[in-house]
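*Asks:* Would you mind keeping the following structure in view while I ask a few things?
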Amino acid sequence: MTPSPPPGMPDRVVLQDVTLREGEQGSDRALDPKTRMALARHLVDAGLTHLEAGWPGVSKQDQEFVRQLRDALPTVHVQAPVALYAANWEEQIAAAHACGVQTVALLHPASDLRLRTLERVSRQEVLQRVHVGVQAALAVGLSVTLVATDATRADPGFLVEVALAAQQAGAHRIGLPDTVGCATPEAYGALVSQVRRQVGLPIHAHCHNDFGLALANTLAGIRAGASLADVSVNGLGERAGNCSLAEAAVALEVLYGVRTGVRLEALAAVAREVARAFGTHLPGQAPLVGDLAFAHRLDVHVYGATFWPQLFEPLDPASVGNRRRLLLGRHSGARAVSARLQALGIDPDGVPVRALADAVRQLATLLGGGISDEVLLVLARTMQSQAVTSTEGVISHENR
626 MTPSPPPGMP
636 DRVVLQDVTL
646 REGEQGSDRA
656 LDPKTRMALA
666 RHLVDAGLTH
676 LEAGWPGVSK
686 QDQEFVRQLR
696 DALPTVHVQA
706 PVALYAANWE
716 EQIAAAHACG
726 VQTVALLHPA
736 SDLRLRTLER
746 VSRQEVLQRV
756 HVGVQAALAV
766 GLSVTLVATD
776 ATRADPGFLV
786 EVALAAQQAG
796 AHRIGLPDTV
806 GCATPEAYGA
816 LVSQVRRQVG
826 LPIHAHCHND
836 FGLALANTLA
846 GIRAGASLAD
856 VSVNGLGERA
866 GNCSLAEAAV
876 ALEVLYGVRT
886 GVRLEALAAV
896 AREVARAFGT
906 HLPGQAPLVG
916 DLAFAHRLDV
926 HVYGATFWPQ
936 LFEPLDPASV
946 GNRRRLLLGR
956 HSGARAVSAR
966 LQALGIDPDG
976 VPVRALADAV
986 RQLATLLGGG
996 ISDEVLLVLA
1006 RTMQSQAVTS
1016 TEGVISHENR
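Throughout, our numbering is defined as the position within the sequence shown, counted from one, plus 625.
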């Protein structure tokens, strides 16, 4: 039974994939246009409707790719980041508009730390930049999100001032990035709630994973009312990465009853394709999409998962495009071996199961790993043959 979203949590959320931007920023791999387009198609096939595809405002290669993307996948909503703090911000808006993006995310730092060091501008100058930048983007027909970077280290009062300046200039949405991933879920949820309450514009969540809290913070932001959240496949992104697409989509759909439009059954395949494209390793225990995410090795777990999978799995592996793996090793007992034989179509009554379990444990200890189905079958057939030979020998002896 699908749960209903908690009070205050939207019943539908847009997950915007940023793999094609953050993924390259957090990797030493620069993808060629053909690979980028293939990944974009995988994302769209998986139900993603909103993408970021690099920095078309500053990269001619990204401009050309966005043009190709808009031609090939015209229903996709493409957002382009624009550095409002840069001297050429107007050129960035013009370039983004020229290649067909629908939304620009106008980025400007809001924390005093950034304003004092890199930008060296006053708070009043920030408010002026926001007003002028939003109106410039609106003037060419773009949808505008004002992204107050380093929001979680900004003075909350000034952050609201920045958001109000954007609202008064006509912005459509406010982005609140946890730029260095230092917020707690409680703090991030409270920040989203405060800005949403005092400003009234839709909120865009963007969380980094430096403390392993990107998913928790994203969910906290959505619980507080954020209606759009950035995600990336396999959590790829700068430094420790961003919120994982698979984890966010499944948690929202399955645990909270929030619709995302994502085809959950496509997630494992997309994860593998992205890992291959970026030359990264997809950990076996990556939640939901890793090869070991639904693996069972302990005796009672293998036995239980064979006949009653719901005992040891929160959801059907096939629902996210993955598969169940029942592994035998040095902790496997007769029940696990018997269950595995049945799954392989072998009647355990014809096999000395306890002796086979002993052999499995000894071999697993010797090899320092698990026992594959192929090896199990060889062991089982060997023991069957030995049992038959032994029986024939006894019969022959008795007939003398």
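Glycine included, C-beta positions come from ideal geometry on N, C-alpha and C.
Check each candidate in P635, P706, R692 and name the one with the smallest Cα separation from V729.
*Replies:* Within the sequence shown, residue 729 is the residue found at index 104, counting from 1. Minimum Cα distance to V729 is reached at P706.
*Asks:* Tell me the DSSP bridge mates of R637?
*Replies:* By one-based count along the sequence shown, residue 637 stands at place 12. According to DSSP, R637 bridges with R884.
*Asks:* Report back the beta-carbon spacing between L709 and H733 to the nearest angstrom; my notes put them in contact at under 8 Å.
*Replies:* For the purposes of this step, residue 709 is identified with residue 84 of the sequence shown, where counting begins at 1. For the purposes of this step, residue 733 is identified with residue 108 of the sequence shown, where counting begins at 1. Contact flag correct, Cβ pair sits at about 4 Å.
*Asks:* According to DSSP, is E938 helix, strand or coil?
*Replies:* Sequence index remark: in the sequence shown, residue 938 carries index 313 (1-based). E938 falls in the coil class under three-state DSSP.
*Asks:* Quick test of your reading: R654 and G929, contact by CB under 8 Å. State the CB separation rounded to the nearest angstrom.
*Replies:* For this step, residue 654 is matched to residue 29 along the sequence shown. For this step, residue 929 is matched to residue 304 along the sequence shown. 41 Å between Cβ atoms; not a contact.
*Asks:* Let me know if P632 comes out buried or exposed under the rule of 16 or more other beta-carbons within 10 Å of its beta-carbon.
*Replies:* Reading the sequence shown from its first residue, position 7 is the one you call residue 632. Per the 10 Å Cβ criterion, exposed.
*Asks:* Quick one: using the 10 Å Cβ neighbour count with 16 as the cut-off for buried, is S857 buried or exposed?
*Replies:* Your numbering for residue 857 matches position 232 in the sequence shown. The residue in question, S857, is buried, as its Cβ has 16 or more Cβ neighbours within 10 Å.
*Asks:* Looking at the strands, I want to know which residues DSSP matches up with E863.
*Replies:* For this step, residue 863 is matched to residue 238 along the sequence shown. Paired residues: none, contrary to the question.
*Asks:* Are the stretch 883-902 and the stretch 682-690 touching, with three or more C-beta to C-beta distances below 8 Å?
*Replies:* No, because fewer than three Cβ pairs between the stretch 883-902 and the stretch 682-690 fall closer than 8 Å, the two stretches do not touch.
*Asks:* Threshold first: 3 residues or longer. Then list the beta strand (DSSP E) segments lying entirely within the stretch 779-846, N to C.
*Replies:* Entirely contained in the stretch 779-846, the beta strand (DSSP E) runs reaching 3 residues are, in chain order, 798-803, 828-832.
*Asks:* Once you ignore the five residues that flank S652 on each side, which residues in its own chain have a CB closer than 6 Å to its CB?
*Replies:* In the sequence shown, counting from the first residue as 1, residue 652 sits at position 27. For S652, where only same-chain residues beyond five positions count, the Cβ hits under 6 Å are F903.
*Asks:* Starting from the C-beta of A746, find all residues in its chain whose C-beta is less than 7 Å away, skip the five residues before and the five after it, and write them out in chain order.
*Replies:* Counted from its first residue, the sequence shown places residue 746 at position 121. It is Val, not Ala, that sits at residue 746 in the sequence shown. Here the set comprises L740.
*Asks:* Rounded to the nearest angstrom, what separates R950 and L988 at their Cα positions?
*Replies:* Taking the first residue of the sequence shown as position 1, residue 950 is located at position 325. Taking the first residue of the sequence shown as position 1, residue 988 is located at position 363. Their Cα atoms are separated by approximately 19 Å.
*Asks:* Apart from the five residues just before and just after R955, which ones in its own chain have a Cβ nearer than 6 Å to its Cβ?
*Replies:* Counting from 1 along the sequence shown, the entry for residue 955 is found at position 330. R986, A989, T990, listed in sequence order.
*Asks:* Taking a contact to mean a Cβ-Cβ separation below 8 Å, would you say A720 touches G682 in this structure?
*Replies:* In the sequence shown, counting from the first residue as 1, residue 720 sits at position 95. In the sequence shown, counting from the first residue as 1, residue 682 sits at position 57. Cβ atoms of A720 and G682: closer than 8 Å.
*Asks:* Does the beta carbon of V879 sit closer than 8 Å to a beta carbon anywhere in chain C?
*Replies:* Of the protein chains in this structure there is only one, and it is not chain C.
*Asks:* What is the rounded straight-line gap between the Cα of I996 and the Cα of D780?
*Replies:* Locating residue 996 in the sequence shown gives position 371, counting from the first residue. Locating residue 780 in the sequence shown gives position 155, counting from the first residue. The straight-line gap from Cα to Cα measures roughly 57 Å.
*Asks:* For a test of the three-state rule: what should DSSP assign to P658, helix, strand or coil?
*Replies:* For this step, residue 658 is matched to residue 33 along the sequence shown. DSSP places P658 in helix when its eight states are reduced to three.
*Asks:* Could you say which of V751, V927, A762, Q749 lies nearest to A723 if we only look at CA atoms?
*Replies:* Against the sequence shown, residue 723 aligns to sequence position 98. Nearest of V751, V927, A762, Q749 to A723, Cα basis: A762.
*Asks:* Could you check which residue in L840, P827, V787, K659 has the C-alpha nearest to that of C807?
*Replies:* Translated into the one-based positions of the sequence shown, residue 807 becomes position 182. Of the listed residues, the one whose Cα sits closest to C807 is L840.
*Asks:* Look at the alpha carbon of G725 and the alpha carbon of A697, and state the distance between them as a whole number of angstroms.
*Replies:* Taking the sequence shown and counting its residues from 1, the one referred to as residue 725 is at position 100. Taking the sequence shown and counting its residues from 1, the one referred to as residue 697 is at position 72. Distance between the alpha carbons of G725 and A697 is about 12 Å.
*Asks:* Out of curiosity, what's the CA-to-CA distance linking A874 and A776?
*Replies:* Taking the first residue of the sequence shown as 1, we reach residue 874 at position 249. Taking the first residue of the sequence shown as 1, we reach residue 776 at position 151. Each residue's alpha carbon lies about 24 Å from the other.
*Asks:* Nearest to D636 by CA position, among A663, S944, G993, L880, is which residue?
*Replies:* Against the sequence shown, residue 636 aligns to sequence position 11. Among A663, S944, G993, L880, the Cα nearest to that of D636 is on L880.
*Asks:* If we ignore side chains and look at the alpha-carbon of each, how far apart do A918 and P912 end up?
*Replies:* Taking the first residue of the sequence shown as 1, we reach residue 918 at position 293. Taking the first residue of the sequence shown as 1, we reach residue 912 at position 287. Taking the straight line from one Cα to the other gives about 6 Å.
*Asks:* Tell me the rounded alpha-carbon separation between V1000 and S944.
*Replies:* Locating residue 1000 in the sequence shown gives position 375, where the first residue counts as 1. Locating residue 944 in the sequence shown gives position 319, where the first residue counts as 1. The straight-line gap from Cα to Cα measures roughly 29 Å.
*Asks:* By DSSP's criteria, A708 is part of a beta bridge. Which residues make up the other side?
*Replies:* Position 83 of the sequence shown, counted from the start, is the residue given in the question as residue 708. Answer is L732.
*Asks:* Who are S768's beta bridge partners in DSSP?
*Replies:* Start at 1 with the first residue of the sequence shown, and residue 768 comes out as number 143. DSSP, once it has assigned bridges, lists T728 as partnering S768.
*Asks:* Less than 7 Å between C-beta atoms, sequence neighbours within five positions excluded: which residues of the same chain meet that for S629?
*Replies:* Position 4 of the sequence shown, counted from the first residue, corresponds to residue 629. For S629, where only same-chain residues beyond five positions count, the Cβ hits under 7 Å are G882.
*Asks:* By Cβ distance, which residues of its chain are closer than 8 Å to L738, with the 5 residues on each side in sequence left out?
*Replies:* Translated into positions along the sequence shown, residue 738 becomes position 113. Only D775, R778 meet the Cβ criterion.
*Asks:* Can you tell which of P699, R754, D657, L656 has the C-alpha that lies nearest to the C-alpha of L676?
*Replies:* The residue given as residue 676 occupies position 51 in the sequence shown. Of the listed residues, the one whose Cα sits closest to L676 is P699.
*Asks:* Nearest-angstrom Cα distance between A846 and A830?
*Replies:* Here the question's residue 846 lines up with position 221 in the sequence shown. Here the question's residue 830 lines up with position 205 in the sequence shown. The sequence given here has Gly at residue 846, not Ala. Taking the straight line joining both Cα atoms gives about 6 Å.
*Asks:* Hey, quick one: how far does the beta strand (DSSP E) through H675 stretch, first residue to last?
*Replies:* As a working note, residue 675 is residue 50 in the sequence shown. Segment 675-677, the beta strand (DSSP E) holding H675.
*Asks:* May I have the straight-line CA-CA distance separating T885 from E872, to the nearest angstrom?
*Replies:* As a working note, residue 885 is residue 260 in the sequence shown. As a working note, residue 872 is residue 247 in the sequence shown. Each residue's alpha carbon lies about 12 Å from the other.
*Asks:* Would you please state the rounded distance, in angstroms, between the beta carbons of D924 and R960? I believe it to be under 8 Å.
*Replies:* Counting from 1 along the sequence shown, the entry for residue 924 is found at position 299. Counting from 1 along the sequence shown, the entry for residue 960 is found at position 335. Contact flag correct, Cβ pair sits at about 6 Å.
*Asks:* Could you work out which residue in S736, A865, L1004, L992 is closest to P977 when comparing CA atoms only?
*Replies:* Looking up residue 977 in the sequence shown gives position 352. The residue with the shortest Cα to Cα distance from P977 is L1004.
*Asks:* Taking buried to mean at least 16 other C-beta atoms within 10 Å of its own C-beta, is V755 buried or exposed?
*Replies:* Within the sequence shown, numbered from 1, the residue matching residue 755 stands at position 130. With 16 or more Cβ atoms within 10 Å of its Cβ, V755 is classed as buried.
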